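These notes concern the structure reproduced below.
6 protein chains.
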Amino acid sequence: MADFISFGEVLMRFCAPGAQVLSQASSMDLVYGGSEANVAAALAQWGTSSCHVTQLPDHSIGIAAKQSLLSYGINTNHIIHKPGRIGIYFLEHGIAMRAPKVIYDRFNSSFEHLDPSSFNWDEILEGARWFHWSGITPAISANTAQACKDAIRVARKKNITISGDINYRRVLWNYGKSPKEIMPELIAQCDWVIGGITDFENCIGLNQKTEDFEQACVEIQKKYPQIKFISTTHRKTFNASHNNLQGLLWNRKKITTSKVYDIQPIVDRIGSGDAFMAGLVQSALHNKSENATIEFATAAATYKHTMPGDVLVASVTEIESIMEEKNIGKLLR
Amino acid sequence: MADFISFGEVLMRFCAPGAQVLSQASSMDLVYGGSEANVAAALAQWGTSSCHVTQLPDHSIGIAAKQSLLSYGINTNHIIHKPGRIGIYFLEHGIAMRAPKVIYDRFNSSFEHLDPSSFNWDEILEGARWFHWSGITPAISANTAQACKDAIRVARKKNITISGDINYRRVLWNYGKSPKEIMPELIAQCDWVIGGITDFENCIGLNQKTEDFEQACVEIQKKYPQIKFISTTHRKTFNASHNNLQGLLWNRKKITTSKVYDIQPIVDRIGSGDAFMAGLVQSALHNKSENATIEFATAAATYKHTMPGDVLVASVTEIESIMEEKNIGKLLR
Amino acid sequence: MADFISFGEVLMRFCAPGAQVLSQASSMDLVYGGSEANVAAALAQWGTSSCHVTQLPDHSIGIAAKQSLLSYGINTNHIIHKPGRIGIYFLEHGIAMRAPKVIYDRFNSSFEHLDPSSFNWDEILEGARWFHWSGITPAISANTAQACKDAIRVARKKNITISGDINYRRVLWNYGKSPKEIMPELIAQCDWVIGGITDFENCIGLNQKTEDFEQACVEIQKKYPQIKFISTTHRKTFNASHNNLQGLLWNRKKITTSKVYDIQPIVDRIGSGDAFMAGLVQSALHNKSENATIEFATAAATYKHTMPGDVLVASVTEIESIMEEKNIGKLLR
Amino acid sequence: MADFISFGEVLMRFCAPGAQVLSQASSMDLVYGGSEANVAAALAQWGTSSCHVTQLPDHSIGIAAKQSLLSYGINTNHIIHKPGRIGIYFLEHGIAMRAPKVIYDRFNSSFEHLDPSSFNWDEILEGARWFHWSGITPAISANTAQACKDAIRVARKKNITISGDINYRRVLWNYGKSPKEIMPELIAQCDWVIGGITDFENCIGLNQKTEDFEQACVEIQKKYPQIKFISTTHRKTFNASHNNLQGLLWNRKKITTSKVYDIQPIVDRIGSGDAFMAGLVQSALHNKSENATIEFATAAATYKHTMPGDVLVASVTEIESIMEEKNIGKLLR
Amino acid sequence: MADFISFGEVLMRFCAPGAQVLSQASSMDLVYGGSEANVAAALAQWGTSSCHVTQLPDHSIGIAAKQSLLSYGINTNHIIHKPGRIGIYFLEHGIAMRAPKVIYDRFNSSFEHLDPSSFNWDEILEGARWFHWSGITPAISANTAQACKDAIRVARKKNITISGDINYRRVLWNYGKSPKEIMPELIAQCDWVIGGITDFENCIGLNQKTEDFEQACVEIQKKYPQIKFISTTHRKTFNASHNNLQGLLWNRKKITTSKVYDIQPIVDRIGSGDAFMAGLVQSALHNKSENATIEFATAAATYKHTMPGDVLVASVTEIESIMEEKNIGKLLR
Amino acid sequence: MADFISFGEVLMRFCAPGAQVLSQASSMDLVYGGSEANVAAALAQWGTSSCHVTQLPDHSIGIAAKQSLLSYGINTNHIIHKPGRIGIYFLEHGIAMRAPKVIYDRFNSSFEHLDPSSFNWDEILEGARWFHWSGITPAISANTAQACKDAIRVARKKNITISGDINYRRVLWNYGKSPKEIMPELIAQCDWVIGGITDFENCIGLNQKTEDFEQACVEIQKKYPQIKFISTTHRKTFNASHNNLQGLLWNRKKITTSKVYDIQPIVDRIGSGDAFMAGLVQSALHNKSENATIEFATAAATYKHTMPGDVLVASVTEIESIMEEKNIGKLLR
């Protein structure tokens, strides 16, 4: 009965504290997150009723993962708990020229082995206004790809807005299918597609090599006429602690760009793309202009860099104050 | 029997660790501080005998607050312990474009309910060379305003140098009086006034809108001929982690400015104004030139940004080495 | 639409880490909890749909308190956020002969100033099977007493089972009413009353001094014929780290007692009474025998002593294994 | 070229800090360990040259695991690094009646997928005096069972003393073989067998149900005449924080028992069996009497309960002072 | 101008966190303390004006040590800061049968090299009622022994009560003198001597071997007729976490004994002897009966076991509630 | 039997956590390190067999120091454990304009008192390809200077490449010799010398004052014709958090310079010179070009600034990716 429904894996994230590298750690900071759930978490904080669908282990760590989603106000009624492991990733923050490092230990998870038929999408999606998935899900297993396909099909049928974050991850896609065999059919049914040129090349195929985002958008939309919006961020990485970020939103006609944010220092860039996605959904559900939409989404993504964890924790007002350049960084009391 | 006497509330400060936002915290870092006590703490470390006057609860947290002042070498003989609560504030550090956040939970404190007659200012101020108050105290309650007024009156009578840091805080001033009803009488008796144009506008009233600090000083001094020095800092906030800071000191005739410090990164800017104030007092008590005074005060304020807590912890030598641009940031061993 | 509805204040709890006393702490551990909410938190973990009703500040700490409830699966739809402060308590764990210490800083909270008319009990209680309150709520202010009275009245009307935990706290009750003026009317409408002889003496009045729990129950039930069950725990305190605990349940006819648990060491005894209460409700809602009920409740209370925080975190199975003396303390792998 | 060679998996252990349950943890303490490696770690600290053989991932966490072994002075020259994951287990300490909880997440590890032919046992075991394995290894996969079998065969051929810790873990043994199909052949070649009656029943089969350890030993030795010693500990669990522990050593003729240790409180009982095993090996390699052997091994096991982690960190002198009941728990300075 | 003057070294104490052994620590907890300063710290908290005399390094760690004393309200006006190192000790807490471990790294400290003539005892002791020293100071160097002798001589002359805690530490006494060459002269001038039979044997010499404390007292007093009271504690060590403690006070005529405290668990026993000493002084300065004196001192010593650090942090009321067996370990709220 | 042999003291390093100054710390982070051992640690991680020679205390902290070296894969067979203390240094990180602070407490260590004859250099250096020492060792005592001289003599005889890092530390050199009396003889036998102009002036003497590194190199090489390479880094310190770094390598003919790294923020610059040294050795042992050598060494030094501790923890690949400017600071997954 939520406005926003997302589907995807929830992972346990262990992060080396402070500036330590992984092998220096004698303890690790723990949060739970996942690309699609992170979007739901931001939206739920902003007052958009949100429901995340996934499968988790039935032991106390699986329950802890669910409790983390609950804490943001996400509806977890459609989460299935079954025996198995939870996917894990290890994170080492980047500092200056040292890049952040992610070690995935997510294979063979309870989510990977889900039974697609155990999700009753007709019921789950009843009354929803938006369904969100990402390219991580169909990369994991035939089961998860099937569940994703089922969800999209039902959402399309119910005329629910569908967003897909292509999120190409080279190291997943291990179950015998290539992205190009699976992704096009899913993308074709989306209203909103989030991705950059590399994502398009790997998951859809572009007729010709380009570095021009608009040109790529035009080509994709021709292939997949359902797509109404394509959006991405351009990130300039001076080093791991200093990035520039700009959002782009293509609406079949033209690109609208946000202002460019100079982010220094960066606390934790994981989840900034999900915050961006959440900003797009929140704005679209409130019928904001395209300019307001891309500005809000980019401000949300920027804001995420300033705090630890996978999930953006910020009110709409806080993000808008960044976006409106009011009191940037000033102490008010 | 101290050279320097300050009067004001001491608060418990809970700060979200590292870059966490308040709602992410499962523990909070704890220090005790307060604008006027922070000045005394810096001075005591620099060898100026200092005594802080306040009222605190009589339970073990009130004692812990007193112990914190004692640890810097502050004389606490005139602190009164009475039942009640201690004022609290919650701090979330700013990072990059995310601003620092302060949530005050200081109302109804033991200090707010002090009985002005319980402080024997004649005895407290006996032998002192300097009395310091800030605009936070008269903002809290009629009781605290009265006590502040009493102290200033006695100090004036004893010919003790008086400094007042206007420190306008919009969210205080809840007891039915406006700053303009209370502050002018207090400021009129000061030798040193610390404040910026916004402070003046809110607490004194300026005849005409100005952005020129010197012009404002001239106008104020006309109204309050006792004032000998007015001082402030100009802060340029690029973001929460990167500020420029410059000190200004007006001496009835002209403005003396310090060098401009480029501070990046900022660890904790709370208490930098109090460190500045302490730098002014220390220099004045040692008869430094105006140039040396404003340079030392600004270097002290700058130094405070590099360490956690409310209180500047640094020797005179350490501050002077910043001020003299010797070995800025260099490792010596 | 929950089966179980509780009403009461949610507090911020700051606890000195490990064995430190409060004045030694340079950081404090933070959790959120409250007697009635703790009951809901345990029940929600056990699969009983639970909804907690309260008023909290509208700033980020008020939101963090709500998120804490959400994390256990509690429905927070009827929580009101209004400006004000959150009640706080400071905890110092007891060790050996050193007693635990609680310093309350809960006065003047947003909850204390709630407007009773802002809670639509008819709607809140619709479809519920159980309403729970405690004697802390009517002790706080006339407003909170009124809201409690309203809730009980509506629950009675809807024929919902009502439980009241007398929870007499001497230091509250500051608004001009004594417990005996307020509590009897509320207790009279309860089906379940939780309390010991001291609670009864202070909140109801007993005709004659007794140390016999059963005799006290008989007397109370005569006065308040609606009461069906009275329950309490008997605690023998060898020292702060070593207690014995036994549960008692009186059913108008006789006392049923649980086995006696020897608890050593004790990690954190806060919330053990709330875990006991939750155990009673859970058992009653599942129509357990009186023997099974008191055994489960006492096992739940016992289990709470072994973990930090206000809230019992344990599955029904884990509690039952204690209760059934299976593998007490044994490592299984 | 080490005196002692062990073979077995090394796991990453994440433990909820202090008395927290797993779902309360926002960070977890990290150590690396494994039953067989823990034995090598204790022996290396005691001056017995020790070499641990295993397979680990080739990423920075696999390297960290190796560095952990190195830190104790273990020779790691025969560790193979290959792509894959490291096995993990999650630990929640028990307190009072709350049992310790272990959640295994060790399937599909790099070790599980090792290639038995990649270990050149002839070279690895050259010059060794003792080879140690445990029943965990053949439980993991056909590969690991084969590698274990190979190692035992070569050790037997070289006339190296072989010890096997039966260490029956019900939840492992998932690859299609039962313990009774695999273990007897391995046990038959051992000189020292460590295990209790339950281990024997599950892994070897006993002709008749018995609770008499000596009787079981006699029966097993009849079947497997190579076995010279069978050893075990008897543990009486009052609760998770309070155990009694006694060691037993059967030498084909009779049982020698150690004194009984009363252990309260228990910090971490993981690895106490491995410390016991190490104590047996150390004593045997130094030709201690059977009485001295079982006393030293039991004291080592006892000592392990007093410190966090998988590995006993103690000198021979420290263990002997427990064993000799000198200055038990006394501060000397 | 303080009532109580103590003289002795202040050390930096690094303690392995929790139950870790020293070699497991990747951080260490830091406090500052010293036997005589710990006495002053307790007394200052109890309202007895106290002054500690010592020599410390002039760098920021020497200042931190002084600040630690200041925080308890100790007068530090007679502390001398001179170049050199601060003495250090490393502590590993004992648990169950594992004994606490102290590694001294205190040689060659700034205190060891003090110049006896730099302390003007006539001025320092002016107006004092009590002087306290311990046998640690004359054990360190000829310089410190001389300073101690000087202080005692002046105190005797001024008729100030003198207490000496024999505190025999075998590993000190490295500068070429034996305790028996130095201590008798110092002890001879004391009014109060704190020590047990081992201390007496090592520092004074007893004519005949005895295990009877009273008999030893009689013999000592005969030799040193100035002595009015001899006091000690009897400790029964079940293990490092469980001790019994009883105080004894001999008054030239008879022994008065306190009740016996059963302490379990023990958090940190360091400083319990100093808390005992402080209890004796506090009681004597308030002219308590011998029974009240030994009960208060033993309760103070007992209380110290329940908290980390060198210094007892407790009010007189808290100690009296232990002593009077009121609400032992009970939570009051 | 290692390729690389280093000789030098290993210290205990206590560092104030985060941005705290030393006197704010209530705990300190602990690592073990030393200039020469840090070189061995980096090399061992890179697959170069390395052996560090030193003397350490025989207590558990001395063992912990050894275990730290072992963990990196360093051979510790020639470490001597003898009674005494371990040298300590206290570190306060610099931030912005606040400089890092080091307080040495290293005098009188077990290493300082080593017996030069206890090291059998003939055996230690047998089969080695490289011997490394630094100017810290001969600065400590006549004993350590002698041991260093012995090692160099034997290495020269065996035709092992010798590197000396001049590492001039003004505050050491306390035993009655000046650097110029000792260092020239040692430097004369080196193939590689690491040092800057200040080092040369203090330890060798230059005929004329110069700021030209190449000119200084030419002069030195004339004096000491054995020297084949002289290398140093040029560091530009904007503030403690922002430095530029460039490496220089002189080969008797010309200077080769690395690219200039802009490092911001700096986590911990301790050990960056040792990482540089390790980079030179690693490259030289693999016969890299001079350009590749200085680029790798400078990249290694740069990388060290991004992590806490004395020791660089990084793979060759990670350093090369910095050096090749591939994905600087980018998250790959």
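Residue numbers (my numbering), protein chains in the order written: chain B, 1 to 333; chain W, 1001 to 1333; chain D, 2001 to 2333; chain X, 3001 to 3333; chain R, 4001 to 4333; chain H, 5001 to 5333.
The beta-carbon is built from N, C-alpha and C at its ideal position, and this holds for glycine as well.
As the structure is a prediction and not an experimental result, all values here were calculated from the model.
Chain B contact residues for residue i, given Cβ-Cβ distances below 8 Å
i	result
P5265 (chain H)	I95, A96, S241, P265
Separation of residue j from residue i, as counted between CA atoms
i	j	result
Q1189 (chain W)	I1182 (chain W)	13 Å
S2231 (chain D)	N174 (chain B)	59 Å
K4950 (chain H)	T5076 (chain H)	Shown here, chain H extends from 5001 to 5333; a query on residue 4950 (chain H) therefore has no answer.
Y104 (chain B)	Y2168 (chain D)	53 Å
L312 (chain B)	E3318 (chain X)	51 Å
D1150 (chain W)	W1192 (chain W)	18 Å
S3178 (chain X)	G3205 (chain X)	12 Å
L5332 (chain H)	I3063 (chain X)	20 Å
L3285 (chain X)	G3279 (chain X)	10 Å
Interface partners of residue i on chain B, CB under 9 Å
i	result
L2070 (chain D)	Q67, L70, S71, Y72, G73, I74
Closer than 9 Å at the beta carbon, the chain H residues around residue i
i	result
I4061 (chain R)	L5022, S5023, F5090, I5103, D5105
Where residue i meets chain R, residues with beta-carbon distance less than 8 Å
i	result
D5029 (chain H)	S4026, S4027
R2169 (chain D)	R4333
Beta-bridge partners of residue i, as assigned by DSSP
i	result
Y4089 (chain R)	R:R4013, R:Y4104
Minimum C-alpha distance to residue i - residue among the options
i	options	result
E3295 (chain X)	X:A3216, X:D3274, X:Y3261	X:Y3261
R1252 (chain W)	W:P1308, W:I1227, W:S1027	W:I1227
I2095 (chain D)	R:I4266, R:M4277, R:K4082, R:A4151	R:I4266
Q4282 (chain R)	R:R4333, R:G4047, R:C4015, R:S4117	R:G4047
P4184 (chain R)	R:D4310, R:A4142, R:P4138	R:P4138
S3141 (chain X)	X:I3255, X:A3300, X:C3051, X:N3108	X:N3108
Under 8 Å by beta carbon: chain D residues contacting residue i
i	result
R1085 (chain W)	D2105, F2107
Chain-ordered chain D contacts of residue i [CB-CB under 9 Å]
i	result
R3156 (chain X)	Within chain D, no residue comes near R3156 (chain X); the closest Cβ sits about 30 Å away, beyond 9 Å.
Taking three-plus beta-carbon pairs below 8 Å as touching, is the stretch 3120-3133 of chain X in contact with the stretch 3015-3034 of chain X? no
Per the contact definition of three or more C-beta pairs closer than 8 Å, is the stretch 5009-5016 of chain H in contact with the stretch 5029-5037 of chain H? Yes, since at least three Cβ pairs between the stretch 5029-5037 of chain H and the stretch 5009-5016 of chain H fall closer than 8 Å, the two stretches touch.
Short-range partners of chain A found in the stretch 1288-1304 of chain W, where Cβ spacing is below 9 Å: The structure shown contains no chain A; its protein chains are B, W, D, X, R and H.
I want to know whether the stretch 5128-5141 of chain H touches the stretch 5155-5162 of chain H - three or more CB-CB distances under 8 Å. yes
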